[in-house]
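J.: The structure is given below, and queries will be raised subsequently.
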Amino acid sequence: GQSLEQPSEVTAVEGAIVQINCTYQTSGFYGLSWYQQHDGGAPTFLSYNALDGLEETGRFSSFLSRSDSYGYLLLQELQMKDSASYFCAVRDSNTGKLIFGQGTTLQVKP
Amino acid sequence: NAGVMQNPRHLVRRRGQEARLRCSPMKGHSHVYWYRQLPEEGLKFMVYLQKENIIDESGMPKERFSAEFPKEGPSILRIQQVVRGDSAAYFCASSPKAGSAYEQFFGPGTRLTVL
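So the protein lines, in turn, are chains A and B. The first sequence begins at 88 in this note's numbering and counts up by one. The second sequence begins at 5 in this note's numbering and counts up by one.
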């Protein structure tokens, strides 16, 4: 089977940096994705790592270490609007279906 | 270029009634995925369809749930004889092709409440 673990909650202040970790156990691995979801909203794609290393997109970066079955999402210069839930997910190689973690609720305080 | 569309956005049903959820994928996308999200939880895969074919329904409950994606028109997720435990947000996502290399774009979801 496949399972992903991430912290349930993280709190940080505006302007700070926060890292959300994700560890996974999968029968086959074809990349780790990150999604953002605001309350009542749809999941929005943030990033995808297929290979080891860091991917940077503006204030958000994502890292993957396949040997450690571990990845993280790094959010810099936090803003109040970053308060949301963040999900890591692995992709099935054949169908592309996503297997999601339980999500990390990020609360950004002034 | 419209994104993934779902309707209705909110649906209220009494126990025993039927719920029909619709999803229109992005233009040019022929692959549709349905996910369910219970309160305070992550999204759980339900079913993957291509036009006129169910490819993977490993996440669908064995009874009362069915899905289709006809040649013309939206994909439909149908829940018969709803129970309170069916209350959840149902999201569909579409992609241009199958496989791990293609991003999925999510619709706004349908929030089903069973009274």
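For glycine and all other residues, C-beta sits at the position ideal for the given N, C-alpha and C.
1) Listing by chain order, which chain A residues have their CB less than 7 Å from the CB of B:SER99?
2) Under 8 Å, Cβ to Cβ, is there at least one residue of chain B near A:GLN53?
3) Which residue marks the beginning of the beta strand (DSSP E) containing B:GLU45, and which one marks its end?
4) Contact check, A:THR182 vs B:TYR52 under 8 Å by CB: the rounded distance?
5) Classify A:GLY140 as helix, strand or coil using the three-state DSSP reduction.
6) So what does DSSP say about B:GLY89, is it helix, strand or coil?
7) With DSSP as the reference, identify every bridge partner of A:GLY286, one or two as the case may be.
8) Are the CB atoms of B:TYR106 and B:TRP38 nearer to each other than 8 Å?
9) Tell me which residues of the segment 34 to 48 of chain B have at least one Cβ-Cβ distance to chain A shorter than 9 Å, keeping chain order.
10) Suppose you measure from the CA of B:VAL36 to the CA of A:VAL177; what does that come to, to the nearest Å?
11) Classify A:LYS196 as helix, strand or coil using the three-state DSSP reduction.
12) Of all Cβ atoms in chain A, is any one closer than 8 Å to the Cβ of B:PRO29?
13) State the Cα-Cα distance for the pair B:ARG18 and A:GLN189, rounded to the nearest angstrom.
14) Would DSSP call A:ASP169 helix, strand or coil?
15) Which residues, in order along the segment 125 to 145 of chain A, keep a beta-carbon less than 9 Å from a beta-carbon of chain B?
16) Would you kindly work out how many angstroms separate the C-alpha atoms of A:TYR117 and A:LYS184, rounded to a whole number?
17) Quick one: measure Cβ to Cβ for B:ARG115 and B:ARG13, integer angstroms, because I've assumed they're closer than 8 Å.
18) Contact criterion: CB-CB distance below 8 Å. Does A:PHE174 meet it with respect to chain B?
19) For B:GLU56 and B:PHE69, which I take to be in contact (beta-carbon distance under 8 Å), what is that distance rounded to the nearest angstrom?
20) Distance, Cα to Cα, A:TYR135 vs A:SER120?
21) Between which two residues does the beta strand (DSSP E) holding B:LEU119 run?
22) Does DSSP put A:ILE104 in a helix, a strand or coil?
23) Would you verify that the beta carbon of A:ILE186 is, or is not, closer than 8 Å to some beta carbon of chain B?
24) Take the Cβ of B:PRO29 as the centre, count every other Cβ of all protein chains shown within 10 Å, and call the residue buried at 16 or more, exposed below.
T.: Concretely, from the data shown:
1) Locating residue 99 of chain B in the second sequence gives position 95, counting from the first residue. GLY183, listed in chain order.
2) Summary: the structure shown does not reach residue 53 of chain A, with chain A confined to residues 88 through 197, and so no result is reported for it.
3) Your numbering for residue 45 of chain B matches position 41 in the second sequence. No beta strand (DSSP E) contains B:GLU45, which DSSP labels as neither H nor E.
4) What you label residue 182 of chain A is simply residue 95 of the first sequence in a count that begins at 1. What you label residue 52 of chain B is simply residue 48 of the second sequence in a count that begins at 1. At roughly 5 Å, the Cβ-Cβ gap stays under 8 Å, so A:THR182 and B:TYR52 are in contact.
5) If you number the first sequence from 1, residue 140 of chain A lands on position 53. It is a strand residue.
6) By one-based count along the second sequence, residue 89 of chain B stands at place 85. Reduced to three states, the DSSP call for B:GLY89 is helix.
7) For chain A, the structure presents residues 88 to 197; residue 286 of chain A sits outside this window and is missing.
8) Within the second sequence, residue 106 of chain B is the residue found at index 102, counting from 1. Within the second sequence, residue 38 of chain B is the residue found at index 34, counting from 1. In this structure, B:TRP38 does not lie closer than 8 Å to B:TYR106 by Cβ.
9) HIS35, TYR37, TYR39, GLN41, GLU44, GLU45, GLY46, LEU47, LYS48
10) Within the second sequence, numbered from 1, the residue matching residue 36 of chain B stands at position 32. Within the first sequence, numbered from 1, the residue matching residue 177 of chain A stands at position 90. Roughly 17 Å separates the two Cα atoms.
11) As a working mapping, residue 196 of chain A is identified with position 109 in the first sequence. Here A:LYS196 sits in strand by DSSP.
12) Reading the second sequence from its first residue, position 25 is the one you call residue 29 of chain B. Chain A, which has no Cβ nearer than 8 Å to the Cβ of B:PRO29, makes this no.
13) Taking the second sequence and counting its residues from 1, one reaches residue 18 of chain B at position 14. Taking the first sequence and counting its residues from 1, one reaches residue 189 of chain A at position 102. Near 29 Å, if we compare the C-alpha coordinates of A:GLN189 and B:ARG18.
14) Position 82 of the first sequence, counting from 1, holds the residue named residue 169 of chain A. If DSSP states are grouped into helix, strand and coil, A:ASP169 belongs with the helices.
15) GLY127, GLY128, ALA129, PRO130, THR131, PHE132, TYR135, ALA137
16) Position 30 of the first sequence, counted from the start, is the residue given in the question as residue 117 of chain A. Position 97 of the first sequence, counted from the start, is the residue given in the question as residue 184 of chain A. If I take the Cα positions, the gap works out to 11 Å.
17) Along the second sequence, one-based indexing puts residue 115 of chain B at 111. Along the second sequence, one-based indexing puts residue 13 of chain B at 9. At roughly 7 Å, the Cβ-Cβ gap stays under 8 Å, so B:ARG115 and B:ARG13 are in contact.
18) Numbered from its first residue, the first sequence carries residue 174 of chain A at position 87. Yes, A:PHE174 lies at the interface with chain B (some Cβ there is under 8 Å from its Cβ).
19) By 1-based counting over the second sequence, the position of residue 56 of chain B is 52. By 1-based counting over the second sequence, the position of residue 69 of chain B is 65. Incorrect: roughly 19 Å between the Cβ atoms, too far for contact.
20) Counting from one through the first sequence, the residue named residue 135 of chain A turns up at place 48. Counting from one through the first sequence, the residue named residue 120 of chain A turns up at place 33. One C-alpha to the other measures close to 4 Å.
21) Taking the first residue of the second sequence as 1, we reach residue 119 of chain B at position 115. No beta strand (DSSP E) holds B:LEU119; DSSP gives it neither H nor E.
22) By 1-based counting over the first sequence, the position of residue 104 of chain A is 17. Note: A:ILE104 maps to coil in three-state DSSP.
23) Position 99 of the first sequence, counting from 1, holds the residue named residue 186 of chain A. Chain B, which has a Cβ nearer than 8 Å to the Cβ of A:ILE186, makes this yes.
24) As a first step, residue 29 of chain B is located in the second sequence; it is residue number 25 there, counting from the start. Under this definition B:PRO29 is a buried residue.
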